[in-house]
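Only one structure is covered here, and it is reproduced in the block below.
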Amino acid sequence: MIVIGCDQGSEAWHRARAGIITASMFATARSRVGELTDQQRTYVDAVLAGMAPKAAAEAASYKAVPKSAVIEKALAGEPVGDFSEASKNYAFRLAIERISGEPLDEGFETFAMRRGHELEP
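Its first residue numbered 0, the sequence shown is counted upward by one per residue in numbering that gives the first Met the number 0.
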């Protein structure tokens, strides 16, 4: 682990964080959309393992054979799901910060953030 000794919120602190995924943004960085649900994954895995579609539907607790586009893509071996727009935007921002070596100033601060900055030593 790299520890950088500087005051939180200082210019040096912002520069040190430029281009780094922070803990508070980790979920955003990893968020995905359009993926299979657990039930859909069970169905697709069963069909790909050789089970008949009707039996696979029953194994996945479907009342009928599912016909969604995402299931059809998965059955065809095509990739399903993608990173969310928020994730892609965050990645773009981090890339710009890494290239420039400077943090992007968004000027966004909630009341709770401002209060935390004022109360912390």
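Think of the CB as a built atom: it goes at the ideal place given N, C-alpha and C, for glycine as much as any other residue.
If you ignore the 5 residues before and after Gly33, its C-beta comes within less than 8 angstroms of the C-beta of Val69, Val79, Gly80 and Asp81, all in its own chain and listed in chain order.
Between Ser30 and Ala94, the C-beta gap is not smaller than 9 angstroms, which leaves the two residues out of contact. Under the three-state reduction of DSSP, Val32 is assigned to strand. For Ala56, the enclosing alpha helix (DSSP H) covers residues Pro52 to Ala58. Distance from the CA of Met0 to the CA of Phe25, rounded to the nearest whole angstrom, comes to 17 angstroms. Between the stretch 4-23 and the stretch 87-103, the count of C-beta pairs closer than 8 angstroms reaches three or more; the two stretches touch. DSSP places Ala90 inside the alpha helix (DSSP H), whose first and last residues are Glu84 to Ser99. Residue pairing from DSSP places Asp81 in a beta bridge opposite Val32. Going by DSSP, Lys72 is part of the alpha helix (DSSP H) stretching over Ala68 to Leu74.
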